[in-house]
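Read through the structure below, which is laid out as structure tokens, and then see the notes.
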Amino acid sequence: MVERRLTGMIAAAAVLIVLFVFWDLLRPAPQPVAAESDEPVRIAEPAPAPPDAVPPQAPATSTTTTQGNAVPLDPGGREPSYFELMARSETRRRIRSSGTTTYLGEMIDASGDSMLRRWENRQTTPIRVYFAPTHAANFQPAFVDAIKSAFDLWSSAGVPVRFNFDADSTNAEVTVKWRIQFEIERTGQTDVTWDENGNIQSAVVTLATFDPKGRPMDADDIRVVSTHEVGHVLGLDHSKDSADIMFPTAKVRDLSDRDVRTVLLLYQLIPGSLR
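Be aware that the sequence shown starts at 0, since it is given in numbering that gives the first Met the number 0, and climbs by one per residue.
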């Protein structure tokens, strides 16, 4: 009995020895441990792009411009305020509502800048007018009185502007000059200057002593031509109606009702751009 147990134990020991021998032969070789380094550990670093690869571009941001809604800048480079835009809208409404009783709408349509131009109200400080001396042929002293009556005619129509005829060349705001004749079909010309807000600053009126056909002008002719030119001095442009003194070629010799209505409306409105 004892011999059987001893034999079993020896057999088991032999099996264990054989198993240890096979394990030692078949187990994997140990891997060397990497030396510690101060380099930070990189986690999920993307593979470098190929040398010829082009990085994708971000999509371009689209810019949309709406035509017709942009507010034009003032001549000074700033955008008009909300109240200025409202005032312009009211001015346009008043011009439209005047209909055919004035030609202010025609003036705006024909202008290249949609600007109303006029003097500031000058009842207490009259506009200074200077009559330049001349030796032009056919000039008559009565011509000066004819021009003064033309200025007074517009003032008496109700325009809030008065004129002082005692100015000299150093302080004049309006200068009246003379020439014998124009090279083109006209007997008068007015050049007006104004600031960026449409306020007239000065004017030069040039009158001819002979008409384009060589006929000498008389005092009443000068009065009619001057009445037309003073309309320009006040800020009026031409009318399309031959019944108005502001028709390009004067067919009448006095102010029409539309002339008066137009200049009065102009001086009730705020000057400047209507865009």
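Here a beta-carbon is modelled for each residue, glycine too, at the ideal position from N, C-alpha and C.
Selected residue, minimal CA-CA separation from residue i, among the options
i: F181; options: I199, T174, M216; result: M216
i: Y275; options: R116, L273, W177; result: Residue numbering for the chain in the displayed model covers 0 to 274; residue 275 lies beyond these limits and cannot be assessed.
i: V232; options: I146, D167, T248; result: I146
i: V223; options: E83, A171, K250, S88; result: K250
i: P247; options: E228, E78, E89; result: E228
i: R185; options: K212, A141, S110, R91; result: K212
i: D220; options: S110, N120, T90, S148; result: S148
i: Y129; options: E195, T169, L264, A86; result: T169
i: D194; options: E119, A131, V158; result: E119
Residues of its chain near residue i, where Cβ-Cβ distance is below 6 Å and the 5 sequence neighbours each way are ignored
i: N163; result: P125, R127
i: V259; result: A156
i: G104; result: I94
i: F150; result: F162, V229
i: A141; result: A218
i: T133; result: W177
i: F82; result: none
Beta-carbon spacing of residue i, residue j below 9 Å
i: T192; j: I183; result: no
i: D256; j: T123; result: no
i: V143; j: K176; result: no
i: Y102; j: D240; result: yes
i: S272; j: S97; result: no
i: G187; j: S238; result: no
i: S201; j: A166; result: no
i: A109; j: D236; result: yes
i: R274; j: R87; result: yes
i: A131; j: T189; result: no
Beta strand (DSSP E) segment containing residue i, residue limits
i: G187; result: 187 to 193
i: I107; result: Where I107 is concerned, there is no enclosing beta strand (DSSP E), although the alpha helix (DSSP H) it sits in stretches over 103 to 109.
i: Y266; result: Looking at the DSSP string, Y266 is not in any beta strand (DSSP E), and its letter there is neither H nor E.
i: V203; result: 199 to 207
i: I146; result: Run containing I146: none in the beta strand (DSSP E); it sits in the alpha helix (DSSP H), 141 to 155.
i: N163; result: 160 to 163
i: Q122; result: 121 to 130
i: W177; result: 173 to 178
Alpha helix (DSSP H) segment containing residue i, residue limits
i: I94; result: 81 to 97
i: I221; result: 218 to 233
Nonlocal neighbours in the same chain, by C-beta distance under 8 Å from residue i, ignoring five residues either side
i: I179; result: A135, A136, N137, A207, T208, F209
i: T65; result: Annotation note: pLDDT 28 at T65 (below 50); position unreliable, coordinate value reported separately. Cβ neighbours of T65 beyond the five flanking positions: none.
i: V70; result: Residue placement at V70 cannot be trusted, given a pLDDT of 38 that sits under 50; what the coordinates show is reported in the next sentence. For V70, where only same-chain residues beyond five positions count, the Cβ hits under 8 Å are E78, P79, L84.
i: W153; result: V160, T226, V229, G230, L233, L254, V262
i: L264; result: R93, I94, S97, T101, L103
i: G111; result: none
i: V158; result: L233, V262, L263, Y266
i: P50; result: Since pLDDT at P50 reaches only 44, below the 50 mark, its modelled position is unreliable, and no value is offered.
Residue-level contact to chain D via CB, residue i, 9 Å cutoff
i: T124; result: This model lacks chain D altogether, as it is built from one protein chain only.
Cβ neighbours of residue i in the same chain (closer than 7 Å, five flanking residues each side left out)
i: P270; result: L115, R116, R117, N196, G197, N198
i: R91; result: L273
i: I107; result: I94, S113, L273
i: V268; result: Contrary to the premise, residue 268 reads as Leu rather than Val in this sequence. Correct list, in chain order: T90, R93, L115.
i: Q139; result: A218
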